[in-house]
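What follows is a short report on a single structure.
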Amino acid sequence: MPEGHTLFRLAREQQAAFAGREVHVTSPQGRFAGQAEMLDGRVLDDVTSYGKHLFAAFGPDVVHVHLGLYGTFTSGTGLPPEPRGALRMRWEGPGEDGEGVWTDLRGATACELITDGEVQLILDRLGPDPLRKRSDPAKAFARISRSRVAIGALLMDQAVLAGVGNVYRAEILFRQRLSPFRPGKDVAAEEWAAMWADLVVLMRAGVKAGRIVTTERADRERRRGPALRDDAHYVYRRTGLPCRICGTEVRTEVMVGRNLFWCPTCQAV
DNA sequence: TAGAAATGTTTAG
DNA sequence: TAAACCTTTCTAT
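So, in structure tokens, the structure goes:
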């Protein structure tokens with residue numbers, strides 16, 4: 004489930020559960036075994052995220068995690084379950100009240116030990132993240148407004164904008180009634196301002212809800228109870244179904260190697 | 001039980 | 001542009 008909101012939420016949860024205390028670090032699968040041994044028993048200083056990257060600092064040594072397409076963290080309190088499957092990294096700590104907390108990482112594209120300098124190199128090649136307060140949307144627009152590449156492709160480029168993935172790409176373009184095929188240079192400053200503001204709202208809502216919900220209806224229902232799962236998106240994965248606004252069949256096409264979903268009527272230009 | 005698909009990135013050609 | 005990487009989950013047979 005990894006777009007930027009997932010990492011933001013994970014960093015916050017792990018910070019609360021483990022930071023400031025010693026962590027028992029293991030790698031039952033073995034792929035992170037050497038590094039786990041080196042970190043085992045040390046105090047975790049803090050956990051932060053930027054875009055889709057997670058950084059956990061143990062003094063000068065930083066665990067860098069990128070979940071990729073299939074990576075997941077699972078966590079709980081009390082005793083951790085018997086390790087099963089390919090368990091790359093496990094953390095165990097005393098938790099707030101000494102009852103015990105644990106978290107397991109599987110399937111990540113990156114789980115590596117890096118230095119502060121290497122963290123900086125990663126941050127340097129990322130565009131502004133709508134979830135970070137200090138992010139400057141003008142930096143993204145400077146690139147977008149100079150590019151002939153389609154806006155649907157630019158939104159997926161982490162050097163332009165950090166944290167947006169395939170779901171937010173499809174949904175933000177629909178909500179702004181913008182064709183994914185419009186060249187970046189033809190996106191007006193006001194259109195970009197509206198898109199950024201909406202991304203901030205949607206991604207914050209994603210952090211809060213723990214999943215991506217972009218429809219007004221799902222929003223309303225969330226206040227009364229859990230939204231219907233298939234009500235959460237306007238176009239993402241709704242190929243061939245009627246558009247929720249105009250009834251036209253939602254279309255799909257591969258753009259930058261990923262399935263793009265859009266309504267050809269609502270998002271005509 | 002097998003196969004496909006999945007919210008992603010990097011490297012090779 | 002395509003393939004590789006890596007794991008889980010859902011669907012079809």
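Using our numbering, you'd call the opening residue of the first sequence number 4 and step up by one each time.
Glycine included, every Cβ here is placed at the ideal spot set by N, Cα and C.
So what's V28 in DSSP terms, helix, strand or just coil?
In the structure shown, V28 sits in a strand (DSSP, three-state: E or B).
Give the range of the beta strand (DSSP E) segment to which L57 is assigned.
That run of the beta strand (DSSP E) goes H56 to F61.
Would you mind giving the Cβ-Cβ distance between Q179 and D201, rounded to the nearest angstrom? I have them listed as a contact below 8 Å.
The C-beta distance from Q179 to D201 rounds to 7 Å, short enough to fall under 8 Å.
Expected contact under 8 Å - CB spacing of E6 and K55 to nearest Å:
Right, their Cβ atoms sit about 7 Å apart.
Nearest to T255 (by Cα), restricted to the options N169, M41, K142 and R87:
Ranking the options by Cα distance to T255, first place goes to N169.
Between L157 and the rest of its own chain, which residues show a CB-CB distance below 8 Å, the 5 nearest in sequence each way excluded?
Excluding residues within five positions, the ones whose Cβ falls inside 8 Å are R146, I147, S150, V163, L164 and G187.
Limits of the beta strand (DSSP E) - the one that V68 falls within
Element bounds for V68: D64 to H69.
For Y53, count neighbouring C-beta atoms within 10 Å of its own C-beta (all shown protein chains included) and say buried if the count is 16 or more, exposed if not.
Buried, since its Cβ has 16 or more Cβ neighbours within 10 Å.
Give me the residue from A235, C266 and M258 with the minimum Cα distance to G243.
Scanning A235, C266 and M258 for the CA closest to the CA of G243 turns up C266.
Leaving out the 5 sequence neighbours to the left and right, which residues in its chain are closer than 6 Å to R45 when beta-carbon positions are compared?
F61.
Can you grab the Cα-Cα spacing for the pair F194 / F144, in whole Å?
Note that residue 194 corresponds to Glu in the displayed sequence, not to Phe. Taking the CA atoms as reference points, E194 sits about 10 Å from F144.
I need the straight-line Cα distance from V152 to G166, nearest angstrom please.
Rounded to the nearest angstrom, the two C-alpha atoms are 19 Å apart.
Extent of the continuous alpha helix (DSSP H) to which M41 belongs:
Residues A36 to L42.
Would you decide whether V204 is buried or exposed? Buried here means 16 or more other CB atoms lie within 10 Å of its CB.
Counting the other Cβ atoms within 10 Å of the Cβ of V204 gives fewer than 16, which makes it exposed.
Using CA coordinates, which residue listed in C249, Y239 and E252 is at the minimum distance from R261?
It is Y239.
When you compare the segment 114-122 with the segment 67-83, are there three or more beta-carbon pairs, one atom per stretch, that lie closer than 8 Å?
By the Cβ test, the segment 114-122 is in contact with the segment 67-83, since at least three Cβ pairs between them sit closer than 8 Å.
Pairwise C-alpha distance: E99 and P83:
In a straight line, the C-alpha of P83 is about 16 Å away from that of E99.
With DSSP run on the structure shown, which of helix, strand or coil describes L10?
Reduced to three states, the DSSP call for L10 is helix.
Please return the same chain residues whose Cβ sits closer than 7 Å to the Cβ of A36, not counting the five positions on each side in sequence.
Answer for A36: S30, listed in chain order.
Would you give the residue range spanned by the alpha helix (DSSP H) that G209 belongs to?
Residue range A192 to A212 is occupied by the alpha helix (DSSP H) that includes G209.
Buried or exposed for A59, please, with buried defined as at least 16 other CB atoms from any protein chain shown within 10 angstroms of its CB.
Residue burial is scored here from C-beta neighbours: A59 has at least 16 other C-beta atoms within 10 angstroms and is therefore classed as buried.
Own chain residues within Cβ distance below 6 Å of R247, not counting five before or after:
Listed in chain order, the non-local C-beta contacts of R247 below 6 Å within the same chain comprise Y237, local neighbours out to five positions each way being set aside.
So the candidates are D48, I175, A235 and A197; which of them puts its Cα closest to the Cα of T218?
The residue with the shortest Cα to Cα distance from T218 is A235.
Please report how far the alpha carbon of A212 lies from the alpha carbon of A39, in whole angstroms.
Cα-Cα distance, rounded: 32 Å.
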